[in-house]
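As structure tokens, the structure follows; a few thoughts come after it.
2 protein chains.
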Amino acid sequence: MNLFNKRPPNKDLVEIGGGGILDRRRFLLSGASFVTVMAASPILSATEAKAKPSYPNHMKIPGAPSSNYGLPSQYETAVKRTNESFYKSGIFTGAHTPLDRLNGTITPSGLHFSIHHNGIPDINPAAHEFLIHGFVNKPMKWSIETLLNYPIVSRIQFLECSGNSAANAVSSDPVDASCTSIHGQVSCSEWAGIPLKYLLDEVGVNPKGKWAMCEGADAGNHVRNVPLEKLYDDAIIALYQNGERIRPDQGYPMRLFVPGYEGNMNVKWLHRMEITDQPSQSKDEQSLYAEFTSDKKLNQFTFFMEVKSIITKPSGTQQLPDKGLYEIAGLAWSGRGRIEKVEVSADSGKTWVAAHLEGPVMSKSFTRFTIPWRWNGQGTILMSRATDEFGNVQPSRDEWKSRYEDFTFNHYNAINAWLVNPDGGVKNVYV
Amino acid sequence: MNLFNKRPPNKDLVEIGGGGILDRRRFLLSGASFVTVMAASPILSATEAKAKPSYPNHMKIPGAPSSNYGLPSQYETAVKRTNESFYKSGIFTGAHTPLDRLNGTITPSGLHFSIHHNGIPDINPAAHEFLIHGFVNKPMKWSIETLLNYPIVSRIQFLECSGNSAANAVSSDPVDASCTSIHGQVSCSEWAGIPLKYLLDEVGVNPKGKWAMCEGADAGNHVRNVPLEKLYDDAIIALYQNGERIRPDQGYPMRLFVPGYEGNMNVKWLHRMEITDQPSQSKDEQSLYAEFTSDKKLNQFTFFMEVKSIITKPSGTQQLPDKGLYEIAGLAWSGRGRIEKVEVSADSGKTWVAAHLEGPVMSKSFTRFTIPWRWNGQGTILMSRATDEFGNVQPSRDEWKSRYEDFTFNHYNAINAWLVNPDGGVKNVYV
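These protein sequence lines map, in sequence, to chains A and B. If you count by UniProt numbering, then the first sequence holds residues 1 to 431, one letter each, in order. If you count by UniProt numbering, then the second sequence holds residues 1 to 431, one letter each, in order.
Right, here's the structure in full:
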């Protein structure tokens, strides 16, 4: 029994969608409680209310001193990135953001997802140089010290691996895994750095120049080609993430940041940019990051991470303690721009209701959505469907699959579904 | 010589303020370089341009694996909080945010400032309870597990110690210290938590209730009184900071967050809130956190941190390598709302020019401002003056001092000034 159910029915609680979706405004005014059966009743008896407050030992004995660099509580060690090896190489690894344990929209830098094709290089910034050459009037090479003198802009934006949610794209039976495991290759940070256009203006791009071949200084020799148009638009040389210098696993001492483009195009440990008239056919353009479409064609140079959303709470492998009141919460984003709306269904897709978007809603950034939900204890399916400012809507899984050859795993942005079983267990499913 | 000075004069560079303040829009279109004399010329000779790119060892040998929780580069250990002991007790300590080493607006949680009156308690969240009692219909006590089920809202907001910049308030001669040392008791994070109004609605506040006595579970027994009106307005029980659960030095497992109010009212390790009809005269209301005004009166219950700005670059103890082009950058904030404008002077206050505000400009949040500047190598004074959306403007130091008894150190928000010496050294001064 939920505490709420012990109270007289609250007339303000109004269902506006099937499966128990509630009107948020009236809900928040209702004084309804989110206290669940798992906790002892929080309402104090007359005796309890008169008792003196308790003063634990940590209120009697001085605590620890300040540190130079703070860390999470020792009680939060379970909130960590999960590391997965691809190809059983042990070197090509991915660290996933624990989306189901976080809140708000900023991903702490220590929990930002990362993928490395050949491990994380340890780069001394004093020895790192950045070269722009090729079809330019004046090739230039900058030190990090010099770059730190340039004008810096900042914005809060997401970054998503092109292969995020690949398990749902390729597995014929839905994997029974967590939101972190399936969808944790996406994160959001405040990125600060130098607009590429300033540097391109300095070298003077030759009219023939249309692309930039961007090379990272890692042992994976990662190379991606970015259209110059994007570099002149909103790309930056990212030097700072969430206030401080970017971390080694994010490309220290510098990375390319191309907002809304697939993660690996945001080349980490960037050390060279060659301006070319056409894109180079680097290994990374031909293997991992191109998609076979259903008409047997190879789709190269697919840039944008399209509109997408994930319900993070409740989500896969979580357990609802009992029927009662919950807040459904999740994240939505689009590589094209701002999120316009997120609709949620609690009745397996029969009805959809617009969720609350927690502001500020920023372009190419995480937007958190929430909606109150009264679970009646019966099995149902929860889904979310995001629409961006250009009217792009998440497709169904079938619709998405119909576009590609069966083994294709990049750019998966279909509507995700969580089955809530009568026992409260939550599972990844396809609808 | 600055590289820029080796080029033909750029007609687009237009001074719009004394002391070399430049028009930003025209500046950014000019292709001007921020390369300073400290770096070798970044323009490559014909021979250099033809040389093969170099491939350092870290491009040949696999790098490190992913970690569960990432940390900054080993080359960034100098970017840390500086710890200062007050009263020589060793327990009443303050850790300052290195504002002059960061960029953007988010403060990484590991570098958030913190002040502790008796150290940082180590609290097991499973044993922590939060009590609301006093003038309420139904006293209640919540576990952390229960609170984590409530609806969560998030916002990016600053937090500033009431005593930030105290050195400039009380020292008759300006201290020769860094921006971090003088002004580093202010930070900005995404805070997520439960609106207090939901909990107050649940306990049912008695009409007599006007204040809340808020007690932290630390050995300093920190107690501040907050008007209920503020708690119903925009206060939250903060459970998350920058995405993850708040850190021990920020009040783990929960703190009060009262946007725009002085830092210590955002009671950390919050465990008890007693609803009262008038504020209690706790030790913290009578000693540290009340101000004597110039008419010999004791000013208690002063809440708001007023409009303020700091130029972080260049700033105290930094060294400009040579005359030439620089970007002046800094942070502005107001406990009342949004920043409307920040004016910068590079000629000791004779002329003031509106700086660029890097968006999004959010209420009660850090706003970063920038403006390009051509330093001619002569001694001058740099200042910034912020105005908030309600027309509040930073006072001069003399004006601020005239309001208080000489020893008062809280709520210092006067215009700050950095002297640039002909040798490029930057010093804290009064004007």
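Glycine included, each C-beta is placed from N, C-alpha and C at the ideal position. Nothing here was measured: the structure is a model prediction, and the numbers come from that model.
is_contact[residue i, chain B] using C-beta, thresh 9 Å
i, result
"Gln74 (chain A)", "yes"
"Ala39 (chain A)", "Any reading at Ala39 (chain A) needs caution, since the residue's pLDDT is 49, under 50, leaving its predicted position unreliable; the model's value is listed next. Yes, Ala39 (chain A) lies at the interface with chain B (some Cβ there is under 9 Å from its Cβ)."
"Ser384 (chain A)", "no"
"Val79 (chain A)", "yes"
"Arg26 (chain A)", "no"
"Asn376 (chain A)", "no"
"Tyr150 (chain A)", "yes"
"Trp191 (chain A)", "yes"
"Pro279 (chain A)", "no"
"His183 (chain A)", "no"
"Tyr240 (chain A)", "yes"
"Tyr232 (chain A)", "no"
"Glu48 (chain A)", "yes"
"Thr312 (chain A)", "no"
"Thr180 (chain A)", "no"
Three-state secondary structure (DSSP) of residue i
i, result
"Ile120 (chain B)", "strand"
"Phe304 (chain B)", "strand"
"Gln157 (chain B)", "strand"
"Phe409 (chain A)", "coil"
"Glu129 (chain B)", "strand"
"Asn149 (chain B)", "coil"
"Arg247 (chain A)", "coil"
"Asp284 (chain A)", "helix"
"Met38 (chain A)", "In this prediction, Met38 (chain A) scores a pLDDT of 45, lower than 50, which makes its location untrustworthy; no coordinate-derived value is stated."
"Glu202 (chain A)", "helix"
"Phe27 (chain A)", "helix"
"residue 451 (chain B)", "In the structure as shown, chain B starts at 1 and stops at 431, and residue 451 (chain B) therefore has no counterpart that could be examined."
"Glu48 (chain A)", "helix"
"Gln318 (chain A)", "coil"
"Ala346 (chain B)", "coil"
Neighbour flag for residue i against chain A, beta carbons, 9 Å
i, result
"Val170 (chain B)", "no"
"Tyr69 (chain B)", "yes"
"Arg245 (chain B)", "yes"
"Glu285 (chain B)", "no"
"Met59 (chain B)", "yes"
"Glu215 (chain B)", "yes"
"Asp218 (chain B)", "yes"
"Arg101 (chain B)", "yes"
"Pro65 (chain B)", "yes"
"Asp122 (chain B)", "yes"
"Ala332 (chain B)", "no"
"Asn206 (chain B)", "no"
Beta carbon of residue i nearer than 9 Å to that of residue j
i, j, result
"Ile21 (chain A)", "Val307 (chain A)", "no"
"Ile152 (chain A)", "Gly193 (chain A)", "yes"
"Ser189 (chain B)", "Ile106 (chain B)", "yes"
"Met305 (chain B)", "Glu160 (chain B)", "yes"
"Asn137 (chain A)", "Gly204 (chain A)", "yes"
"Ser384 (chain B)", "Ala355 (chain B)", "yes"
"Gln278 (chain B)", "Trp211 (chain B)", "yes"
"Gly260 (chain A)", "Arg368 (chain A)", "no"
"Leu331 (chain A)", "Thr302 (chain A)", "no"
"Pro62 (chain B)", "Ile115 (chain A)", "no"
"residue 445 (chain A)", "Phe113 (chain A)", "The displayed coordinates of chain A run from 1 to 431. Any statement about residue 445 (chain A) would go beyond what the structure contains."
"Ser309 (chain A)", "Glu389 (chain A)", "no"
Whole-Å CB distance - residue i paired with residue j, under 8 Å assumed
i, j, result
"Gln157 (chain A)", "Lys364 (chain A)", "5 Å"
"Asn124 (chain B)", "Ala219 (chain B)", "Not quite, the Cβ-Cβ distance comes to about 16 Å (not below 8 Å), so this is no contact."
"His271 (chain A)", "Phe130 (chain A)", "6 Å"
"Ala169 (chain A)", "Tyr430 (chain A)", "Not a contact, Cβ separation roughly 11 Å."
"Phe316 (chain A)", "Ala177 (chain A)", "In the sequence under discussion, the amino acid at residue 316 (chain A) is Gly, which differs from the Phe named in the question. Going by Cβ atoms, the distance from Gly316 (chain A) to Ala177 (chain A) rounds to 6 Å, so yes, they are a contact pair."
"Tyr198 (chain B)", "Thr293 (chain B)", "So it is not a contact: roughly 38 Å between Cβ atoms."
"Gly70 (chain A)", "Ser109 (chain B)", "6 Å"
The ligand SAH heavy atom lying under 8 Å from the CB of residue i
i, result
"Gly263 (chain A)", "Ligands in the displayed structure: none, and consequently the ligand SAH is not present."
**Report entry** Chain-ordered residues of the region 247 to 265 of chain A with a beta carbon less than 9 Å from chain B
**Finding:** Those residues of the region 247 to 265 of chain A placed with their C-beta closer than 9 Å to a C-beta in chain B are Arg247, Pro248, Asp249, Gln250, Tyr252, Pro253, ordered along the chain.
Report task. Below 9 Å between beta carbons is the criterion; list the residues of the region 105 to 117 of chain A that meet it against any residue of chain B, in chain order. Result -> Per Cβ criterion, the list reads Thr105, Ile106, Thr107, Pro108, Ser109, Gly110, Leu111, His112, Ser114, Ile115, His116.
Query raised in the report: Mind listing which residues of the region 132 to 146 of chain B have their C-beta closer than 8 Å to chain A's C-betas, in chain order?
Result: So the list reads His133, Lys138, Pro139, Met140, Lys141, Trp142, Ser143, Glu145, Thr146, given in the order they occur along the chain.
Report task. Could you please tell me which residues of the region 348 to 375 of chain B, in chain order, have their CB closer than 8 Å to any CB of chain A? Result -> The region 348 to 375 of chain B vs chain A, Cβ under 8 Å: Glu358, Pro360, Met362, Arg368, Thr370, Pro372.
Report task. Scan the region 152 to 166 of chain A for residues whose Cβ lies nearer than 7 Å to a Cβ of chain B and list them as they occur along the chain. Result -> Going along the region 152 to 166 of chain A in chain order, one finds Ile152, Val153, Ser154 with a Cβ nearer than 7 Å to chain B.
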